[in-house]
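Following: one structure in structure tokens, then a few remarks.
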Amino acid sequence: MCKSRYALVLILAIVFAIRANAEVYKYTDSNGSTHYVDNPENVPEEYKDQVLAPADLPKITKVPSFGYEAEGSAVGPTSSAKVEIFIASWCPYCKQLEQFLSKQGIRYTRYDVEKSSIGKSIYNKLGGGGVPVVRIGETVIRGYNPDAVLATLKRAR
């Protein structure tokens with residue numbers, strides 16, 4: 208009895224692991240209806256270009272890391288770069304980001320992506336993908352990364 212339970216659990220684990228790796232493909236038909244399939248073979252021929260085309264991903268910005276000693280360098284209101292942050296009220300890293308910016312004396316414009324339609328629109332144009340997102344001029348920083356913020360502001364001086 209015990210061996211058969213282990214075998215059943217093992218089989219279920221394998222089945223669920225295989226399904227967990229499955230990809231989902233999305234296409235929109237001529238009526239504007241959105242369809243989801245688990246195999247590109249199931250997409251009608253006239254819509255295959257929607258699932259086979261590479262995704263339009265936002266540009267990745269690389270910012271050099273300065274380590275924690277960069278915290279000592281004052282980057283405050285002297286920087287002329289416009290700083291915008293995109294946050295959500297429930298996000299603990301967003302709160303840390305705001306505390307960090309305030310402590311450093313960095314002025315910023317705050318957008319709650321769940322409450323501000325303008326903020327949500329800009330956030331989506333930047334590629335979305337989670338919060339917080341910081342935009343300093345043309346540079347986009349995803350996640351809570353104070354070193355990247357300081358490095359970007361230092362370059363913007």
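Residues 208 to 364 (the numbering used here) are what the sequence shown spells out, left to right. Backbone N, C-alpha and C fix where the C-beta goes; we use that ideal spot for every residue, glycine too.
Open item on the list: Using only CA atoms, which one of E253, C301, V356, F293 lies nearest to K327?
Closed with: Stepping through the sequence shown from its first residue, residue 327 is reached at position 120. Ranking the options by Cα distance to K327, first place goes to F293.
Open item on the list: For the pair the region 302-320 and the region 342-360, tell me if three or more CB-CB distances fall below 8 angstroms.
Closed with: yes
- [ ] Measure the C-alpha to C-alpha separation of P339 and E345 and round it to an integer number of angstroms.
- [x] What you label residue 339 is simply residue 132 of the sequence shown in a count that begins at 1. What you label residue 345 is simply residue 138 of the sequence shown in a count that begins at 1. P339 and E345: Cα-Cα distance of roughly 16 angstroms.
Open item on the list: Tell me which residue opens and which closes the alpha helix (DSSP H) that R364 is part of.
Closed with: Here residue 364 is taken as the residue at index 157 of the sequence shown, counted from 1. No alpha helix (DSSP H) holds R364; DSSP gives it neither H nor E.
Task: With 16 other Cβ atoms within 10 Å as the buried cut-off, status of L219 - done: Along the sequence shown, read from residue 1 onward, the residue named residue 219 stands at position 12. Answer is exposed; the Cβ neighbour count stays below 16.
Open item on the list: In the DSSP output, which residue or residues are listed as bridge partners for F293?
Closed with: Indexing the sequence shown from 1 puts residue 293 at position 86. In the DSSP output, where bridge partners are listed per residue, F293 has Y318, V340.
TODO: Could you check the C-alpha separation between T316 and E252 for me, to the nearest Å?
DONE: Position 109 of the sequence shown holds residue 316. Position 45 of the sequence shown holds residue 252. Taking the straight line from one Cα to the other gives about 46 angstroms.
Open item on the list: For T359, tell me which candidate among P247, V320, A288 has the shortest Cα-Cα distance.
Closed with: Counting from 1 along the sequence shown, the entry for residue 359 is found at position 152. Closest by alpha carbon: A288.
Task: chain D within 7 angstroms of V231, Cβ atoms only - done: Chain labels in this structure do not include chain D; a single protein chain is all it has.
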